[in-house]
Ligand SMILES: Cc1cc2nc3c(=O)[nH]c(=O)nc-3n(C[C@H](O)[C@H](O)[C@H](O)COP(=O)(O)OP(=O)(O)OC[C@H]3O[C@@H](n4cnc5c(N)ncnc54)[C@H](O)[C@@H]3O)c2cc1C
Ligand code: SF4
Ligand code: SF4
């Protein structure tokens, strides 16, 4: 059996590890267009910030390919796939045969087509090469940079540059992390970023990049304003790398469509990671959840299926973590019902302005659909699991953020049921017909749980 | 593969946090229960218990989540181990673990995770537990224990 994997990152590593658990004899080939041993993409932000050296970027140890008996073809781009002839063509016209193919080509940023985009100092922030480039540029040139795009990657770029001691302006069209946070969460994150010394320019778009002797000198916004800078990092318009499969008969929507065994239209061709459009558990539709954990897990499941073990993939949820200063931000699943097509969402929030705490849960039909934890991570892992399993949680809706004993009791019962191999699902009718009646003042009870209660006589007699 | 796991028997645990302190002293040299990799939230009066301790899962979500690759499942021992030296404190694993078993060392920006004191015969927490509530046993045996009974009901 000959396994060929296009892409050399999270999903590819997951796949190789799974394949080798099932099949020790088959040949495995990894094709990657980056000339590096497998490295951790998120770490390039830490590298740019100067937190880690480039000796610590490896995702797996240096002997990974030998240990896994992988033939790594690095530095060559795959240009074409012949699906019926079962061959992958490389940029140097060499053909590689495959029995099973995994496409995990990830995503890339397409630079907008505006004046000055080809100047020196204009770059994306996706690959290690980009990080080296920005590092070089910032060492010699300007002490000011503009990051275009307020998504996750834009934020990471801005933070890293700031930590490296460069003045940063973040250009955001609507609000920061629009796709993963709601408006209140974005506002809090924006204020935290500003406290870190990152300037945020909101509501403006990039019109033109000015240059001097081929080097960036500044940008012009759509209101005519000019911002001087020596580096422009473009972090908008992240899209999956679909070039290889367009017009080949492999079905694509936003990403490559896969079934629950991560097979594409062709049963011997699999897709995983940022290119694959998988079942999104909270939304219940196909969706691209481009995160490291999803990529590694999908790669792993695809690997098992490529090697012949039938392992279904349960689906993905969006999960993002970012720390701004000392404040951790976790966003899971659907966080902003306002931007969803369906209606009928219910929300619960907890805010503490002084301590930069903002927590939010999003429910629909008595199931958890998403959550935000800023400042206080609470039991975010358990909440993630409740979202992943779509457990009916009507009965504990009010207990999750206050972390009171009903939540613990519920989790305990759920785990017991799991160990016994059955699942407890609270019947919906039960939740609606017999609403849980409080026998005490829930608000004051919660305070007491947290030892915060101010013992007023009124509170006691309640 | 037989995988041993630490767990607390609710009927014996008083929620005293001596285990967390011992863990912190053994691994970090300071008595700070927040630096312990174990935290049994136990409240006999309210009748709840939640065991924030690593199960060394068979298919660990934290391994998928760690983008540095510093959490690995050891094939020989079955332990899920964390390499402090490479960890960058991104908290992906904190978000991924369904049991809240990964703690955060905020000052040093590294994650804290149970290694079952692999350089010792028995984990320190199990050794110090004054009521004998903590046990290190095979995973298969865990469900058979009265693990989930209401803590007020006798063992
Ligand atoms: C700066 C940055 C920070 C991030 N931080 C986080 C984070 O903190 N947490 C998180 O969960 N996620 C983070 N992400 C997202 C995460 O990196 C991705 O979700 C993950 O890398 C996806 O892995 P993948 O294997 O699907 O694809 P990728 O990592 O994108 O890898 C695809 C590989 O395939 C190669 N390739 C593409 N086309 C071809 C071709 N035709 N021939 C040969 N090779 C090809 C590419 O060069 C690339 O090496 C971050 C991303 C960036 C850019
Ligand atoms: S840290 Fe959590 S997810 Fe990882 S092995 Fe332990 S219990 Fe499982
Ligand atoms: S905090 Fe450390 S161990 Fe956890 S995912 Fe990040 S790098 Fe890995």
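Protein chains in written order, with the working numbering: chain A, 18 to 479; chain B, 24 to 178.
For every residue, glycine included, the Cβ atom is placed at its ideal position computed from N, Cα and C.
When rounded, the separation of the alpha-carbon atoms in residue 385 of chain A and residue 112 of chain A is 48 Å. Residue 51 of chain A has a beta carbon lying at 8 Å or more from every beta carbon in chain B. For residue 123 of chain B, the chain A residues whose Cβ falls inside 7 Å of its Cβ are 396, 398, 399, in order along the chain. When the beta-carbon positions are compared, residue 124 of chain A and residue 291 of chain A come within less than 8 Å of each other.
Taking C-beta atoms under 8 Å as the contact rule, residue 136 of chain B and residue 124 of chain B qualify, at a distance of about 7 Å. Counting only beta-carbon distances shorter than 6 Å to the non-hydrogen atoms of ligand 2, the qualifying residues in chain order are B/77, B/78, B/79, B/80, B/83, B/84, B/85, B/103, B/120, B/122, B/124, B/125, B/136.
Interface flag for residue 367 of chain A against chain B is unset, since no Cβ pair is found closer than 8 Å. Excluding five sequence positions before and after residue 161 of chain A, the CB atoms of its chain that fall closer than 7 Å to its own CB belong to 183, 184, 245, 246, 247, given in chain order. Counted as a single uninterrupted DSSP element, the stretch harbouring residue 324 of chain A is not any alpha helix (DSSP H), since DSSP gives it neither H nor E.
As DSSP reads the structure, residue 19 of chain A sits in a beta bridge with A/44. Here the alpha carbon of residue 281 of chain A sits roughly 39 Å from the alpha carbon of residue 427 of chain A.
Interface residue (Cβ-Cβ distance to chain A less than 8 Å): residue 62 of chain B is not classified as such.
With respect to the 8 Å criterion, residue 295 of chain A and residue 301 of chain A are not classified as neighbours on the basis of their beta carbons. Cβ neighbours of residue 218 of chain A within its own chain (closer than 6 Å, five residues either side excluded): 186, 188.
Counting only unbroken stretches of 3 or more residues, the beta strand (DSSP E) elements lying wholly within the segment 308-374 of chain A are 336-341, 344-350, 362-369, in sequence order.
One alpha carbon belongs to residue 59 of chain A, the other to residue 144 of chain B, and they sit about 37 Å apart.
Per DSSP, reduced to three states, the secondary structure at residue 430 of chain A is helical. Selection B/63, B/33, B/26, B/34 evaluated against residue 148 of chain B yields B/63 as nearest (Cα-Cα).
With contacts defined as CB atoms closer than 8 Å, residue 236 of chain A and residue 229 of chain A fail to qualify as a contacting pair. Here residue 197 of chain A carries a coil assignment [DSSP, helix/strand/coil].
Around the beta carbon of residue 108 of chain B, fewer than 16 other beta carbons sit within 10 angstroms, so the residue counts as exposed. Out of A/99, A/151, A/421, A/375, the CA that lies nearest to the CA of residue 251 of chain A is found in A/151. At least one heavy atom of ligand 3 falls within 7 Å of the beta-carbon of residue 116 of chain B. Here residue 331 of chain A is exposed, its C-beta having fewer than 16 other C-beta atoms within 10 Å. Classified as exposed, residue 263 of chain A has fewer than 16 neighbouring CB atoms from the shown chains inside 10 Å of its CB.
In this structure, residue 107 of chain A sits near residue 96 of chain A, with a CB-CB distance shorter than 8 Å.
Distances from the CB of residue 143 of chain A to the heavy atoms of ligand 1 include at least one below 7 Å. In chain order, 92 make up the part of chain B whose C-beta sits under 8 Å from the C-beta of residue 77 of chain A. In this structure, residue 112 of chain B has its beta carbon less than 7 Å from a heavy atom of ligand 3. Excluding the 5 residues flanking it on each side, residue 119 of chain B has same chain C-beta neighbours closer than 6 Å at 84, 85, 88, in chain order. Listed along chain B, no residue sits closer than 7 Å to residue 85 of chain A by beta-carbon distance, the nearest being about 13 Å off.
In this structure, residue 28 of chain A has its beta carbon less than 7 Å from a heavy atom of ligand 1. Within 8 Å of the CB of residue 57 of chain A, the CB atoms of chain B belong to 90, 91, 92, in sequence order along the chain. Between residue 335 of chain A and residue 373 of chain A, the CB-CB gap reaches or exceeds 8 Å. For residue 145 of chain A, the secondary structure class from DSSP, reduced to helix, strand or coil, is helix.
Residue 21 of chain A is a Cβ neighbour of residue 46 of chain A, given a cutoff of 8 Å.
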